[in-house]
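Enquirer: Got a structure here, written out as C-alpha cells. Questions coming.
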Amino acid sequence: MDLRRLALAAVTLVAALVGEFGCSAYGNVVTFDVKHKFAGKRNHLRAMKAHDMRRHGRFLSTVDVDVPLGGDGHPSGAGLYFAKLKIGNPLEEYHVQVDTGSDILWVNCVGCDKCPEKSDLGISLKQYDHKKSSTSSLVYCNNEFCAAAHDGKLKDCKPDLQCEYYVTYGDGTSNGGYFVKDTIELQQVTGNLQTSPTNGSIVFGCGSKRAGQTTTSSESVDGIIGFGQANSSMISQLAQNGVVKNKFAHCLDNVDGGGIFAIGEVVGPQMNKTKMIAGQSHYKITLKEVHIGDTIVKLETSFFGSIDEKASIIDSGTTLAYLPTTIHEQVIQKITSGKSLEMEKIEGQFSCFKYDKNVDDEFPVIKLLFKDSLVLTVYPHDYLFRFRNDMRCIGWQDGGSKSTNEEEMILLGDLVLSNKLVIYDIENQTIGWTEYNWTSSVKVKNGNTEYSVGYHVVSSASSFTIGGILAFLFILYSFTSLFYIA
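For the sequence shown, my numbering assigns the number 21 to the initial residue and increments by one for each residue that follows.
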C-alpha cells in the first residue's frame, strides 16, 4: 500500500481502561524477557511493508520496571520485539509484542475467530482461557473504566454486559474482544541486576475475533503490550494506581539486538529535554530545523497541519525515518549529489547502491533541531544501512504529501534513535536523549534507592536480508481507531 493512501485514523477511546495492579515491595524493579519478533526470518520487502501498513491503520511507593530486550537490532533485519509474559493462575506464558505506539495489552483468547494458530518465529502460540484461571474476572460495562469514557453514562449498559473493544487498522484489518482482569507475573529487581518474580493484577484485552491479513501472518505472536501514554496502556494503568512512575527510557542496540528498557525515573546522564506537543496520543515534539551537512532545510508551515505544526513523532518501535515529500526530496538530493552512485530500486520502492567504503567519510551528517535546544544527530552509518555485503540502502523514507487527516508528518524510528538513551517523561510531558553506550546500564531511582538496570540480549541477532526491515518501519506508530464498546 502506498504511504500516501494509507488510512491514518486518530485513536478514539470509547471506554477508558483503568486497571489495578499490586506489588508487595517498595522500590521494586520488574523485568520481562523480550525476544525480537523477526529474528532469523527472511522476508520480502513488499510483504514486510504490507505488515507495517496493516499495523498503522491504527502508551504510596512506586515500582521500577526492567524490560530485557533482545533480537536483531540491525536495520536490515529489524522487526518486532516481543516479551515473554506470564498470565493467570496457574501461570501460562505468552509472547506479546512490545509496542511503544499503542495503548492496551491484549492477548488472543480461546475461541477466537480467525486468530492465527501457528507462527514461523520459533514460538508456540497460546490462547488465553479466563475460565481456566482462578484469578481472572470479567470486566462489565458498569465498572469504573467503562463508565469513565462516557462521563459516568453508558448507553444501554446492563450489569451483565461485558466491556468490549474493537481495533480497526487503516487497511481494514481488525481485532476485537472483551476486557478481563487477571494475575500477571513480573520479574522484580531485588538488587543491582538481580531479579525475583512478583505477581500483580491488570486489566487487558481478550481477543476473540480478528479479520484481514493478520489472520494468516506467519510472523504472529500472542498479542501486544502497549506502552503509549493513553489511560488504557499498561504503564498508565500502573501509574494511575501509584505503582510506577509514568516514565520510561530505552537505549536500543542496532548491532546485536536488545538494549536497555526501564520503566521509572532514570538518573545520571545529562541531557536536554523538550516538551511534548499537548493533547496528542503519540509522542510528538516540535521540530525547528533540519541540517544536512552545512545546508539548512527550511520547514514551511504548510508542510504540517495546524495542530501539529512542525511536529515530529518519536517512536522507538518504528524502524526507519519518514519525512514529508518535499523535505525527503531535499535530503535525498543532498545525500546523493556529487557522487557517482548507481541507484537501484529494491522491489520498486527502496533506493540502494553499491558501496564498499566508509560511508562516514563521504556522506553528510544530518541534524534535527527541536525546541529547547534538543538536537538529534544522525550519522551516515545510521541512515545508510547495509543490504548484503556490497550495498547500502537509504533509510530516510518518503512519508507522503498528506495523511487522511490532511497532515504531513515526520516520524523518527530506530534508525535515528538507536545508540541513544531516550527518556519519555509522561508525568512532566517531556522527551530527551543523549548519546549512550547500550552495552552498559542505567540507574533507576525510587525514593532513596537506586538500582542498576542493565543491557540485555534475550535472543542473539541473526543475519537478515533487507526484507526484515519493513515489518518494523512504522510498526509501533499506531494510527489505529480503537473502540471500547459496552
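Note that the Cβ used here is the ideal one computed from N, Cα and C, for glycine as well.
Predicted model, so just to flag it, every value in this text is computed and none were measured.
Name, in chain order, the residues that DSSP records as bridge partners for Gln353.
Expert: For the purposes of this step, residue 353 is identified with residue 333 of the sequence shown, where counting begins at 1. DSSP lists no partner for Gln353.
Enquirer: Check His302 in the structure and name its three-state DSSP category.
Expert: Indexing the sequence shown from 1 puts residue 302 at position 282. His302 falls in the coil class under three-state DSSP.
Enquirer: Count the other CB atoms, across all protein chains shown, that sit within 10 Å of the CB of Lys138; report buried if there are 16 or more and exposed otherwise.
Expert: Counting from one through the sequence shown, the residue named residue 138 turns up at place 118. Exposed: under 16 other Cβ atoms inside 10 Å.
Enquirer: Rounded to the nearest angstrom, how far is the Cβ of Ile333 from that of Leu174, given a contact under 8 Å?
Expert: As a first step, residue 333 is located in the sequence shown; it is residue number 313 there, counting from the start. As a first step, residue 174 is located in the sequence shown; it is residue number 154 there, counting from the start. Ile333 to Leu174, Cβ: 32 Å. No contact.
Enquirer: Using only the alpha-carbon positions, how far apart do Val317 and Pro400 sit?
Expert: Taking the sequence shown and counting its residues from 1, the one referred to as residue 317 is at position 297. Taking the sequence shown and counting its residues from 1, the one referred to as residue 400 is at position 380. The straight-line gap from Cα to Cα measures roughly 18 Å.
Enquirer: Using 8 Å as the threshold, is the segment 364-381 in touch with the segment 268-282, meaning 3 or more CB pairs across them?
Expert: The segment 364-381, when compared against the segment 268-282, does not touch it at the 8 Å Cβ threshold.
Enquirer: Could you name each continuous beta strand (DSSP E) segment of 3 residues or more that falls completely within the segment 396-442, going from the start of the chain to the end?
Expert: Fully enclosed beta strand (DSSP E) runs of 3 or longer: 404-407, 411-414, 416-418 and 430-432.
Enquirer: Tell me the residue span of the beta strand (DSSP E) that contains Ala282.
Expert: Reading the sequence shown from its first residue, position 262 is the one you call residue 282. Note, Ala282: beta strand (DSSP E), Gly279 to Ile283.
Enquirer: What is the DSSP secondary structure of Ser177, counted as helix, strand or coil?
Expert: Here the question's residue 177 lines up with position 157 in the sequence shown. The sequence given here has Cys at residue 177, not Ser. If DSSP states are grouped into helix, strand and coil, Cys177 belongs with coil.
Enquirer: Given a threshold of 16 other Cβ atoms within 10 Å of its Cβ, counted over all protein chains shown, does Arg230 qualify as buried or as exposed?
Expert: Looking up residue 230 in the sequence shown gives position 210. Buried: at least 16 other Cβ atoms inside 10 Å.
Enquirer: Rounded to whole angstroms, what is the Cα-Cα separation between Val385 and Thr346?
Expert: Position 365 of the sequence shown, counted from the start, is the residue given in the question as residue 385. Position 326 of the sequence shown, counted from the start, is the residue given in the question as residue 346. Spanning the two alpha carbons is a distance of roughly 19 Å.
Enquirer: Which value, in whole angstroms, describes the spacing of the CA atoms of Ser472 and Phe268?
Expert: For the purposes of this step, residue 472 is identified with residue 452 of the sequence shown, where counting begins at 1. For the purposes of this step, residue 268 is identified with residue 248 of the sequence shown, where counting begins at 1. Computed Cα separation, rounded: 14 Å.
Enquirer: Of all the beta strand (DSSP E) runs that stay within the bounds of the segment 198-278, which reach a length of 3 or more residues?
Expert: List check, beta strand (DSSP E) in window: 214-231, 243-246 and 267-272.
Enquirer: Does DSSP put Thr315 in a helix, in a strand, or in coil?
Expert: One-based indexing of the sequence shown puts residue 315 at position 295. The answer is strand: DSSP assigns Thr315 an E or B state.
Enquirer: Quick check: the Cα distance between Trp458 and Ile297, rounded to an integer number of angstroms?
Expert: The residue labelled residue 458 in the question sits at position 438 within the sequence shown. The residue labelled residue 297 in the question sits at position 277 within the sequence shown. Those two C-alpha atoms are separated by around 28 Å.
Enquirer: For Val127, decide whether its Cβ has a neighbour in chain B, counting only Cβ atoms nearer than 8 Å.
Expert: Judged by its chain identifiers, the structure shown contains no chain B, having just a single protein chain.
Enquirer: Run the CB neighbour count on Arg511, radius 10 Å, all protein chains shown included, and call it buried at 16 or more, exposed below.
Expert: The structure shown does not extend to residue 511, since the chain spans only 21 to 506, so no value can be given for it.
Enquirer: With respect to the beta strand (DSSP E) encompassing Glu362, which residues constitute its N-terminal and C-terminal limits?
Expert: The count along the sequence shown starts at 1 and reaches residue 362 at position 342. Neither: Glu362 is in no beta strand (DSSP E) and is coded neither H nor E.
Enquirer: Would you decide whether Thr397 is buried or exposed? Buried here means 16 or more other CB atoms lie within 10 Å of its CB.
Expert: Walking along the sequence shown from the start, residue 397 turns up at place 377. Thr397 should be labelled exposed.
Enquirer: Which residues bound the beta strand (DSSP E) around Glu447?
Expert: For the purposes of this step, residue 447 is taken as residue 427 along the sequence shown, with counting starting at 1. Per DSSP, Glu447 belongs to no beta strand (DSSP E) and is neither H nor E.
Enquirer: Using a Cβ-Cβ cut-off of 6 Å (strictly less than) and excluding sequence neighbours within five positions of Asp123, which residues of its own chain qualify?
Expert: Taking the sequence shown and counting its residues from 1, the one referred to as residue 123 is at position 103. Phe79, Gly246, Gly248, Ala250, Ser252 and Ser253, listed in sequence order.
Enquirer: Just the Cα atoms here: how many angstroms apart are Ala103 and His115?
Expert: By 1-based counting over the sequence shown, the position of residue 103 is 83. By 1-based counting over the sequence shown, the position of residue 115 is 95. Straight-line Cα distance between these residues: approximately 5 Å.
Enquirer: Which class does Lys106 belong to by DSSP, given the choice of helix, strand or coil?
Expert: The count along the sequence shown starts at 1 and reaches residue 106 at position 86. Strand.
Enquirer: Just verifying my parser: in three-state terms, what is the DSSP assignment at Ser393?
Expert: Numbered from 1 along the sequence shown, position 373 holds the residue referred to as residue 393. Ser393: helix per DSSP, three-state reduction.
Enquirer: Tell whether a beta-carbon distance below 8 Å holds between Gly220 and Cys129.
Expert: Translated into the one-based positions of the sequence shown, residue 220 becomes position 200. Translated into the one-based positions of the sequence shown, residue 129 becomes position 109. Taking 8 Å as the Cβ cut-off, Gly220 and Cys129 do not qualify as a contacting pair.
Enquirer: Can Gly419 and Leu343 be called in contact, C-beta distance under 8 Å?
Expert: Numbered from its first residue, the sequence shown carries residue 419 at position 399. Numbered from its first residue, the sequence shown carries residue 343 at position 323. Cβ atoms of Gly419 and Leu343: closer than 8 Å.
Enquirer: Does DSSP put Ile347 in a helix, in a strand, or in coil?
Expert: Within the sequence shown, the letter at position 327 stands for residue 347. DSSP places Ile347 in helix when its eight states are reduced to three.
Enquirer: Asn163 and Cys183 - do their beta-carbons sit closer together than 8 Å?
Expert: Start at 1 with the first residue of the sequence shown, and residue 183 comes out as number 163. Start at 1 with the first residue of the sequence shown, and residue 163 comes out as number 143. In contact: Cys183 and Asn163 (Cβ atoms closer than 8 Å).
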